[in-house]
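A.B. asks:
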Amino acid sequence: MFTLPFKKLAAISIMLICVLSLAVPSMQPTAQAQDPEKITIALVLNTSEYSVVEPLVQQWSEETGIEVEIIEENTQTYPASYVLAATTGSPKLDMIMFWDFYIDQLYPMLTPLDGSFDPAISVSEEDRADFMDIALTDYAGNLYIMPFGLDTRLLYYRTDLLEEAGYTEPPQTWDELVEVAKALTKDVDGDGNIDQWGFVSLGLPGQVFNTYTFFDFLFQNGGRIFDEEGNPAFNSPEGVEALQFMVDLKNVHQVMPPDVVTYDNNEVHEGFLAGTFAMANHWPYLWGMLAGTELEDVVGYAPQAAPEGGESRTTFNRWGFGIPKMSENKEAAWDLIQYLTSTESGIVEYQAQLDWPLRESVYRSPEAQEIPERHREFSEFVFELTESYSEPVMLPRGGETSQILGEYIDQAMAGAMSPEDALNAAAEQISALLAE
Amino acid sequence: MARRLAPYLYALPGLLLLAVILAYPIGRGFYLSLHKYNLSSFSPPEYIGFENYKALFDDPMFIGAFQHTLIFVIVSLALEFVIGLMIALLLHQNFKGRNVLRGIALLPWMMPPVVTAFVWAWMLNGTYGILNYGLVKVGLISKPIAWLSSTDLALPVLIFVDVWQSTPFVMLVLLAGLQNIPESLYEAARIDGADALRSFRHITLPLLKPSASVALLMRTMIALRFFDAVWVMTRGGPASSTEVLATYAYKKSMLGFRMGFGSAATTVIFLLSFVMSIGYIWLILRRED
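These protein sequences, in sequence, are chains L and R. In terms of our numbering, the first sequence opens at residue 1 and continues consecutively. In terms of our numbering, the second sequence opens at residue 1 and continues consecutively.
(1) According to the neighbour-count rule (16 or more other Cβ atoms, all chains shown, within 10 Å of its Cβ), is TYR8/R buried or exposed?
(2) Please name the residue, chosen from VAL138/R, SER149/R, LEU140/R, that lies closest to TRP122/R on a Cα-to-Cα basis.
(3) Taking one C-beta from the segment 175 to 182 of chain R and one from the segment 78 to 92 of chain R each time, how about it: are there three or more such pairs within less than 8 Å?
(4) Would you say ALA435/L lies against chain R (beta-carbon separation less than 9 Å)?
(5) When the Cβ atoms of the segment 67 to 85 of chain R are set against those of the segment 155 to 174 of chain R, are three or more pairs found closer than 8 Å?
(6) Going by other Cβ atoms of all chains shown within 10 Å of its Cβ, with 16 needed for buried, is PRO237/L buried or exposed?
(7) Using DSSP with H/G/I as helix, E/B as strand and the rest coil, what is ASP99/L?
(8) Since I believe THR116/R is in contact with LEU224/R (beta carbons under 8 Å), could you give me their beta-carbon distance rounded to a whole number of angstroms?
(9) Can you pull the DSSP bridge partners for GLU69/L?
(10) Cβ of SER312/L within 9 Å of Cβ of THR152/L?
(11) Whole angstroms is fine: what's the gap from ALA23/L's alpha carbon to SER327/L's?
(12) Under 9 Å between the Cβ atoms of ILE71/L and PHE214/L?
(13) Can at least three beta-carbon pairs, one atom from the segment 312 to 326 of chain L and one from the segment 100 to 114 of chain L, be found at a separation below 8 Å?
(14) Have a look at GLN207/L, PHE117/L, VAL240/L, TYR285/L and flag the residue whose alpha-carbon is nearest the alpha-carbon of THR401/L.
(15) Which value, in whole angstroms, describes the spacing of the CA atoms of LYS92/L and ALA85/L?
(16) For the alpha helix (DSSP H) holding GLU163/L, just list the boundary residues, first then last.
(17) What is the residue span of the beta strand (DSSP E) that GLU316/L lies within?
(18) With DSSP collapsed to three states, give me the class of LEU22/L.
(19) Specify the secondary structure class of LEU197/R as computed by DSSP and reduced to three states.
(20) List, in order along the chain, the chain R residues whose C-beta lies closer than 8 Å to that of THR276/L?
(21) Is PHE257/R close to chain L, meaning its C-beta is less than 9 Å from at least one C-beta of that chain?
(22) Rounded to the nearest angstrom, what separates ASP488/L and GLY65/L at their Cα positions?
(23) Looking only at C-alpha atoms, which of ALA239/R, ASP59/R, LYS54/R sits nearest to GLU428/L?
(24) Please look up how many angstroms separate the CB atoms of ASP104/L and PRO396/L, rounded, as I've assumed it's under 8 Å.
(25) Kindly provide the ranges of any beta strand (DSSP E) runs that are 3 or more residues long and lie completely inside the segment 30 to 109 of chain R, ordered along the chain.
(26) Would you verify that the beta carbon of ALA233/L is, or is not, closer than 9 Å to some beta carbon of chain R?
(27) Could you tell me the distance, in whole angstroms, from the CA atom of PRO206/R to the CA atom of MET1/R?
(28) Residues in its own chain within less than 7 Å of LEU217/R by CB, not counting five upstream and five downstream?
(29) Please say whether PHE98/L and TYR78/L have beta carbons closer to each other than 9 Å?
(30) Could you give the distance in angstroms between the alpha-carbon of ASN424/L and the alpha-carbon of ASP191/L?
(31) Which same chain residues, not among the five before or five after TRP164/R, have their C-beta less than 7 Å away from its C-beta?
(32) Using a C-beta to C-beta distance shorter than 8 Å, which residues of chain R count as neighbours of GLN105/L?
(33) By the 10 Å Cβ neighbour count, where 16 or more other Cβ atoms means buried, how is PRO44/R classified, buried or exposed?
(34) Counting only Cβ pairs nearer than 7 Å, list the residues of chain C close to ARG397/L.
(35) Taking the C-alpha atoms as reference points, what is the distance between PHE257/R and ALA65/R?
(36) Would you identify the three-state DSSP class for PRO144/R, choosing helix, strand or coil?
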């Protein structure tokens with residue numbers, strides 16, 4: 001039998017204990033953590049905001065001398081990554097970037113930013129007055145997200161194509177939307193196939209794709225996603241009508257291409273920029289993409305159409321930053337967040353994205369006045385849209401519930417289930433999930 | 001005693017590595033599958049026995065994913081084997097440029113699966129994909145086909161993409177097997193009056209069995225975990241017509257945060273792989289006996 005002499009074994013054990021004893025104190029938080037040399041943040045890579053945020057983070061790092069380790073996340077996986085990090089404690093994130101759609105699942109791991117946790121981590125009254133009211137809203141009684149970018153949805157339309165077809169105004173009702181979209185769905189090159197479609201919106205089954213197209217129509221028809229008690233309400237008669245309308249756009253009126261059920265943001269904006277679609281319900285970032293293109297002067301925007309007698313409504317969400325509870329560098333993280341959401345950074349963001357600023361001070365700044373009038377008019381339009389026509393979408397267990405809903409919407413779009421059956425099945429599954 | 005223990009000691013590092021990278025994840029997955037564990041609740045796992053498995057088999061989406069996975073595996077493998085064998089037989093012949101052709105034939109297999117999926121997704125795009133454009137131009141179809149948004153076509157298209165990418169691997173393994181068959185056997189058969197077909201049936205196929213078994217076994221294991229192309233091209237749609245076990249498990253665990261339920265799905269994938277691999281090995285060993 002292979003054995004170590006007892007003395008040698010004892011000597012090795014003592015050495016191991018000594019080494020570990022020396023190592024353990026170095027893992028304890030020290031006073032040095034109060035002035036960190038390095039913080040770790042997570043940014044979502046494939047977003048229009050990333051290209052503006054990342055350089056600002058580097059700038060802050062140079063100015064403060066604090067090294068920033070950036071972990072790049074993906075829009076599809078970041079919620080799970082953050083939750084896993086919070087559960088396992090690794091990596092130890094000091095700041096995260098996220099869309100508030102997922103706030104119900106993320107807020108248990110986040111630090112309140114309203115002073116209730118630490119008076120030093122609090123939005124000042126001055127800042128509160130400067131931000132749009134809808135930008136700084138609480139969830140579960142606290143503020144968990146400082147907004148960097150706001151997302152709502154509007155109707156983009158080709159003014160030249162509408163004029164050609166005899167329309168001087170964009171559609172304002174669902175019936176008008178169908179009529180105009182039908183007129184603009186045509187075979188342009190005479191080969192017998194449709195190559196210009198009248199309308200498009202997100203169709204890919206998933207958490208934030210076809211669900212958002214449905215939410216638009218649901219709100220416009222007076223429906224709600226969940227009721228006050230947190231029960232599914234999207235399968236109401238208004239919801240069924242809304243989904244039926246969405247399905248009919250593709251299957252009955254045929255103003256959306258058959259493969260719209262595979263469209264995420266890329267297909268919608270690339271298709272619109274390529275002239276394949278005459279009208280689109282889409283996000284504000286598309287406006288910035290039009291700048292400098294052939295379409296720059298022939299695209300208009302308007303609130304989305306609504307049912308006859310109804311009101312144009314749409315969704316509203318925020319990209320922003322939060323501080324995980326696990327962070328040992330909260331003050332540094334808060335300093336970074338304040339930097340990223342400051343007036344100066346807002347000016348940089350507005351100049352780069354040409355969409356719309358969240359702060360009054362950004363919009364009134366001399367730099368913003370240099371932005372072409374057409375972009376500032378767009379910003380004003382989106383302000384009004386957000387303040388008057390939009391509803392925040394923050395679902396209970398948003399990632400899970402929207403995944404279920406998205407898949408059943410897809411069933412209806414494919415004709416495999418009726419809208420009513422699809423929404424009822426989704427409501428049943430979601431109710432069971434929320435009851436767990 | 002030391003000499004008896006020596007082989008085990010030498011094997012210990014490898015076994016420890018296997019335990020860490022194989023046994024622990026599998027064991028942990030099975031453990032989680034017996035618990036209710038939702039990551040976003042930040043609560044510890046709660047033991048519920050086999051309830052997750054019961055819920056799994058009560059879920060029509062899971063049954064559909066199971067069926068789609070079996071169809072995908074069987075059809076893909078059959079096509080890959082037949083086409084792979086045909087190409088291997090061709091490339092086994094002696095002709096000028098054979099080595100160049102062998103290299104070209106491997107190209108699809110060298111592409112990362114995700115890249116392949118993205119390329120095919122754009123080529124097959126119903127509105128502006130190049131495939132529809134080409135087919136309409138040459139008059140083979142009169143209007144574009146919605147390849148990935150048709151419930152009838154989406155799964156066959158995914159099978160096609162997988163066959164396109166994976167056949168070179170099967171071809172390579174079979175080609176190696178063909179090269180190990182002694183030429184003298186074919187000469188002897190020719191002398192005895194056997195034609196090409198008889199030689200193929202009685203010499204090539206039986207002696208190719210070990211290589212074919214390896215290729216089919218490896219391809220089966222990989223096909224059962226098919227995820228990349230489905231996720232990139234269809235996300236399991238339209239109407240769940242391309243949902244497979246891997247995408248189902250991913251949606252439940254990583255998108256839905258239901259780690260216990262998702263672990264039950266992945267455990268089913270593991271058990272399916274395990275049973276099929278045991279079956280393959282038993283089949284090979286039985287015939288060799």
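Built from N, CA and C at the ideal position, the CB exists for glycine as well.
C.D. replies: A quick look at the data gives this:
(1) exposed
(2) SER149/R
(3) yes
(4) So, not an interface residue.
(5) yes
(6) exposed
(7) Note that residue 99/L is Trp in the sequence shown, not Asp. Three-state result, TRP99/L: strand.
(8) That belief does not hold up - the Cβ atoms of LEU224/R and THR116/R are roughly 19 Å apart, past 8 Å.
(9) THR40/L
(10) no
(11) Caution is warranted here: a pLDDT of 44 is assigned to ALA23/L, below 50, making its placement in the model unreliable, and the coordinate value is therefore given only provisionally. In this model, ALA23/L and SER327/L are separated by some 22 Å (Cα to Cα).
(12) no
(13) yes
(14) GLN207/L
(15) 7 Å
(16) 159 to 164
(17) Going by the sequence as given, residue 316/L is Phe instead of Glu. Per DSSP, PHE316/L belongs to the beta strand (DSSP E) from 314 to 322.
(18) With a pLDDT of 47 at LEU22/L, under the threshold of 50, the predicted position of this residue should be treated as unreliable, and no value is reported.
(19) helix
(20) THR127, TYR128
(21) Closer than 9 Å: yes.
(22) With chain L represented from 1 up to 436, any question about residue 488/L goes unanswered, as that position is not in the structure.
(23) ASP59/R
(24) Between PRO396/L and ASP104/L the Cβ distance is about 5 Å, and since that is below 8 Å, they are a contact.
(25) none
(26) No - not a single Cβ of chain R is within 9 Å of the one on ALA233/L.
(27) 44 Å
(28) SER277, TYR280
(29) With respect to the 9 Å criterion, TYR78/L and PHE98/L are classified as neighbours on the basis of their beta carbons.
(30) The alpha-carbon atoms of ASN424/L and ASP191/L are separated by roughly 42 Å.
(31) PRO108
(32) SER40, PHE257
(33) Exposed.
(34) Among the protein chains in the structure shown, which are L and R, there is no chain C.
(35) The alpha-carbon atoms of PHE257/R and ALA65/R are separated by roughly 19 Å.
(36) coil
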